[in-house]
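**Student:**
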Amino acid sequence: DQPVRVHRLVSIDPRHDLMRRTEASLVGRRWETAAIDAALERAIGRRGGVVNVVGLPGIGKSRLARESAAVAAGRGVDVYWGFCESHARDIPFHAVTRLLRATRDVADLDSEAARVKVRLQHPDADSQDLLLLDDLLGIAEPNVA
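Read in order, the letters of the sequence shown are residues 1 to 145 in the numbering used here.
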């Protein structure tokens with residue numbers, strides 16, 4: 001085990017919002033955008049899939065993802081963001097848990113508030129299914145089996 005360096009968060013830049021940035025037009029990514037547009041068409045046609053954007057730091061992966069998300073949102077597709085943090089790389093399914101929390105609109109809630117909201121979203125759900133969902137969302141009550 002290696003120690004993890006800790007920093008105190010002093011503030012959050014209110015301009016830090018991936019979906020609302022004002023950016024210049026995307027240039028020189030015709031092949032990439034065509035491939036992502038084709039994947040979007042398949043997904044809209046209920047033939048889903050996964051797009052994996054990889055590359056060296058600074059090459060434009062995040063920009064391509066933002067542009068693709070904006071196109072999808074413009075076509076009426078629900079868009080959810082998830083991020084991987086280096087300090088959480090050893091936590092199983094951490095990135096998936098964050099993404100699932102975003103789909104249930106509980107990403108920014110504490111566990112108790114998130115459980116309440118999930119129960120309001122699924123009033124007829126089986127209690128055991130809700131406990132499993134709590135676990136998947138990372139909002140399970142401590143010491144509840």
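Here a beta-carbon is modelled for each residue, glycine too, at the ideal position from N, C-alpha and C.
#1: Quick one: using the 10 Å Cβ neighbour count with 16 as the cut-off for buried, is I36 buried or exposed?
#2: Take E141 and list the residues in its own chain whose beta-carbon comes closer than 6 Å to its own, dropping the five residues that flank it on each side.
#3: Near G60, what residues of its chain come up, given a Cβ to Cβ distance below 8 Å and the 5 sequence neighbours on each side ignored?
#4: For A102, I'd like the list of residues in its chain whose CB is within less than 7 Å of its CB, leaving aside the five on either flank, ordered along the chain.
#5: V118: buried (16+ other C-beta within 10 angstroms of its C-beta) or exposed?
#6: Can you tell me which of the three DSSP states R153 falls into?
#7: Going by CA-CA distance only, name the one from D135, A24, A72 and L99 that's closest to G45.
#8: Helix, strand or coil for D135, going by three-state DSSP, please let me know.
#9: Quick check: A113 and L137, are their CB atoms within less than 8 Å of each other?
#10: Given that a residue counts as buried once 16 or more other Cβ atoms are within 10 Å of its Cβ, and exposed if not, what is L9?
#11: Taking Cβ positions, are L26 and R75 nearer each other than 8 Å?
#12: Please say whether R104 and Q121 have beta carbons closer to each other than 8 Å?
**Tutor:** Reading it off the structure:
#1: Result: buried.
#2: So no residue of the chain qualifies.
#3: Cβ within range, chain order: R29.
#4: Excluding residues within five positions, the ones whose Cβ falls inside 7 Å are Y80, W81 and G82.
#5: With 16 or more Cβ atoms within 10 Å of its Cβ, V118 is classed as buried.
#6: Residue 153 falls outside the range modelled here, since the chain spans only 1 to 145, and no answer is possible.
#7: Comparing Cα-Cα distances from G45 to each of D135, A24, A72 and L99, the minimum goes to A72.
#8: DSSP places D135 in helix when its eight states are reduced to three.
#9: Not in contact: A113 and L137 (Cβ atoms no closer than 8 Å).
#10: So L9 ends up on the exposed side.
#11: No, Cβ-Cβ distance for L26 and R75 is not below 8 Å.
#12: Between Q121 and R104, the CB-CB gap stays under 8 Å.
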